[in-house]
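Structure, as structure tokens:
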Amino acid sequence: MPYICQHAVDVARIPVPLRTLRLQLRFLLPLLAALVLAASVAVPLLDRVTLRWFSRDLNSRGVLLANALSESVADVLRTGEPQRLQGLFDRAAQDERLLAIGLCSADDRLLQYSAAFPRDLSCGGLRERALEDGPPLRLPGGRVHVGVHEVPDAGGSRLVLLHDLSFVERRSQDTRHYLIALIAVLGLVIALITMVVAQISWRGWVKGMRALMRGEGLVAPLSPLAPPPEMAPLAAELRARLRDLEDEYRRSQGPEREWTADRLRSLLRTQLSGDQLIVVSNREPYIHERDGDQVVVRRPASGLVTAVEPVMRACSGTWVAHGSGSADRDVVDAADRVAVPPGQDDYWLRRIWMSAEEEQGYYYGFANEGMWPLCHVAHVRPVFRESDWQAYRRINQRFADAVVAEARREDPVVLVQDYHFALLPAMIREKLPQATILTFWHIPWPNPESFGICPWRREILQGMLGSTILGFHTRYHCKNFIETVDRYLEARIEHEHSTIAYGGKETLVESYPISIAWPDDATLAHWPSIAECRARVIERLQLPASACIAVGVDRYDYTKGILERLNAVERLLDKYPQWIGRFVFVQVAAPTRSALDEYRNFQQRVQATADRINQTHGRPGYLPVHLLARHHESDAVNELFRAADICVVTSLHDGMNLVCKEFVAARDDLQGVLLLSRFAGAAREMPEALIVNPYHVEETADALHRAATMPAAEQRERMASLRSTVREFNVYRWAGRMLADAGRWRLRERIEARVRRHQQG
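Residue numbers are given in the working numbering: position 423 of the sequence shown equals residue 441, and the series is strictly consecutive.
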């Protein structure tokens, strides 16, 4: 593109007369060459055609003359006095076109001839030339046409007529002159018309190119500033090439340099300088709760909070979330805002309130009984109620109103998080049409057939397409979403560039694999050693000193595969009894959504399975399964990761799963084995883990045995590679790629706005 722009500038600097002369020469020179070529081909062809026409005419005249003389010739030959034909031949040869006449016998002897008949011509040679209809005979006086005609009743005698062809050459020369003059006139007329058309076209192309250089028709496919019709194909091609370059640039922004909070701040200063950032999520990053007479601050266990909070610390802004803590109302100001983190005040937290009935319909009902099982396809039937849908719409609108109230300008950058706010992007777009809305969908997106179960599928898709950029964890989820839109909405989809145009707006659908904040040196310095962590866990849980410890850290959710991994542990102890008394599985299961029957029943099944395994394989002083059904702070989880030999992540369906990445980040000793479900999004980034199908109990049990017996050298090799991946593809890279795409999109829209103002002015 820079080359094209420079070329256009160079052309514009050439003086107008010189450009006109160059343009005329471009058309005149080819026309002159065509004229010369036409003359060189047409003139010889015309000569041959003209000669053939006159030859046929002379043959006809010769037949008439031979018929007129045949009777006299026959009488003279019967008397045996051919000399009497001299006068007759001389008188007949006075015709301006007839050069000479001769009489040949049947045996090719020349019997009589006129005065101008060449003596060196033989009757046999003349007869053969006439039979072959060959080229004219050349004599010293010029070209001659030979005609041989048999005389009736004369014993085979023949009259030889030699016609002068000089008149043919004179007429051919005149015809050539006329033809060349005609070609020249036509060439000049064509050249004149061509130059006029070329001048008009050139001005149109120059105007069109200048328009393209200003960005008209290239800024966005849906720009109201359409290029001139004759430039439309070039504009479409340039737009496609620009998109290819942009896609290539985005793909090239890989782990060439480590992403850190400082680099993210630098990106925000350069690409989003002065722009306001607003994050919207259901779960708040800090909860204020009452503990007796005191208010304590708790950071909830949430992959979303773990991923997004470092972004807010890096770039400040406002986080809009549901205030669910018992003391949340006590600490906010008049605008329902509080500065967080406590004591650092890096950004603002704006809390949204809702009644218990609203929370039941919006959160527990539509979001978690409907959308959650629908998207996870985890063999739990989704439930859709009209009342839940109305509550979902109402709460989405309340969050949208809060975003509009928090916006200090008409074009903020809004990060909408997860499936709780499928309608929110379109609602914000309606009030803030110039906002850049980034929606990230943290859970999987199902195939079109599965999503078709939802009664309000069109409304949800329309709401999500209010986003400027719509992000998923993997390309597979992006593909599912695009196919779903293609199935249920009338939208223009560009599969090559992953864009969807709907309702006059364009949405980029892109994959942004989420991750964690890699621990810095200061954090690592405060971590207890691996041996210390192991000693604490063994003492707290009363484990055997030589125990092989496997851990699982999840919310109490049926999509996490907790039952499946417990069944695999039970099968491991049955199949490999040598592990009884040595293998210990510690499952941290933070209670969640206990108000829902499906979750309560699931928790009961997990507890019953753990009790059965402990009763079957337990010994005095040894329990194979330790189920810790309570919330653990991040330090306690990190201690478990550093103490464990194996981390088990067996999600039945997961967007990404950050537990596996947190385990890898905790193992700075390069030991430990990660056992990872193939149905977690992280499996595509972490092939060095032991990848399993959690539904296959035997395969998972064998993978546990392999992990427990894996040599230290192999563990070190696998863990080093995993740590390199997680460190390079960290949460700052996730946020940086999204915000960089947002910055380029905003720049494109601003250029379009300037071009529009320029045109209107």
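Glycine included, each C-beta is placed from N, C-alpha and C at the ideal position.
- The continuous beta strand (DSSP E) containing Asp-309 extends over residues 305-309.
- For the options Trp-390, Asp-351, Val-323, Val-315, the alpha carbon positioned closest to that of Gly-361 is the one of Val-315.
- Taking a contact as a CB-CB distance under 8 Å, the pair Leu-614 and Glu-387 counts as one, their CB atoms being some 6 Å apart.
- Residue pairing from DSSP places Trp-337 in a beta bridge opposite Val-297, Leu-367.
- For the stretch 532-593, the continuous alpha helix (DSSP H) assignments of 4+ residues that do not extend past its boundaries occur at 539-544, 548-559, 580-593, in sequence order.
- Distance between Leu-157 and Val-178, taken at the CA atoms: about 15 Å.
- Tyr-131 sits in a strand when the DSSP states are folded into three classes.
- Here Ile-487 carries a strand assignment [DSSP, helix/strand/coil].
- Gln-596 carries a helical assignment under DSSP once its states are collapsed to helix, strand and coil.
- By the neighbour-count criterion, in which a residue is buried when 16 or more other Cβ atoms sit within 10 angstroms of its Cβ, His-513 is exposed.
- The Cβ neighbour count for Asn-414, taken over all protein chains shown within 10 Å, is at least 16; the residue is labelled buried.
- Ranked by Cα distance from Ala-134, the first of Cys-551, Pro-391, Leu-116, Cys-496 is Leu-116.
- In the DSSP assignment, Phe-458 falls within the beta strand (DSSP E) that extends over 454-458.
- Short of 7 Å from the beta carbon of Tyr-640, and not among the five residues preceding or following it, lie these beta carbons of its own chain, in chain order: Pro-562, Gly-599.
- Leu-670 places its beta carbon 9 Å or farther from that of Val-624.
- A Cβ-Cβ distance of about 11 Å is found for the pair Trp-371 and Gly-343, leaving them out of contact under the 8 Å criterion.
- When the five nearest sequence neighbours on each side are left out, the beta carbons in the same chain lying within less than 7 Å of the beta carbon of Ile-548 are those of Arg-660, Asp-687, in order along the chain.
- Rounded to the nearest angstrom, the gap between the Cα atoms of Gly-690 and Pro-705 is 15 Å.
- For Ala-444, there is no enclosing beta strand (DSSP E); the enclosing alpha helix (DSSP H) has its first and last residue at 442-449.
- Put simply, the backbone Cα of Ala-353 is about 40 Å away from that of Ala-698.
- Closest in alpha carbon position to Asp-346, among Arg-369, Cys-333, Thr-336, is Arg-369.
- By the CB criterion at 9 Å, Arg-411 and Leu-456 fall outside the cutoff.
- Relative to Val-421, the option among Leu-295, Leu-740, Gly-174 whose CA is nearest is Leu-295.
- Asn-498 is not a Cβ neighbour of Pro-473, given a cutoff of 9 Å.
- Per DSSP, Thr-525 lies in no alpha helix (DSSP H); the unbroken beta strand (DSSP E) holding it starts and ends at 523-529.
- 9 Å or more divides the Cβ of Trp-752 from the Cβ of Pro-537.
- With a contact defined as Cβ atoms closer than 8 Å, Val-677 and Asp-572 qualify at about 7 Å.
- Check the Cα spacing between Ala-684 and each of Ala-543, Gly-335, Ile-487, Ile-769: the tightest is with Ala-543.
- Separation of the CB atoms of Pro-154 and Val-162 is rounded to 6 Å, and the pair is thereby assigned contact status at 8 Å.
- If the five residues before and after Ile-709 are omitted, its C-beta is found closer than 7 Å to the C-beta atoms of Leu-694, Arg-696, Ala-701, all from its own chain and listed in chain order.
- The shortest CA-to-CA distance from Arg-317 to any of Pro-359, Val-338, Arg-283 is the one to Pro-359.
- Per DSSP, reduced to three states, the secondary structure at Val-421 is helical.
- Counting only residues of its own chain and dropping the five nearest sequence neighbours on each side, Leu-128 has a CB closer than 7 Å to the CB of Gly-120, Cys-122, Cys-141.
- According to the DSSP assignment, Tyr-617 belongs to the alpha helix (DSSP H) that extends over 615-635.
- A direct Cα-to-Cα measurement between Leu-290 and Thr-454 gives close to 11 Å.
- Asp-171 sits away from Ala-110, with the two beta carbons spaced by 9 Å or more.
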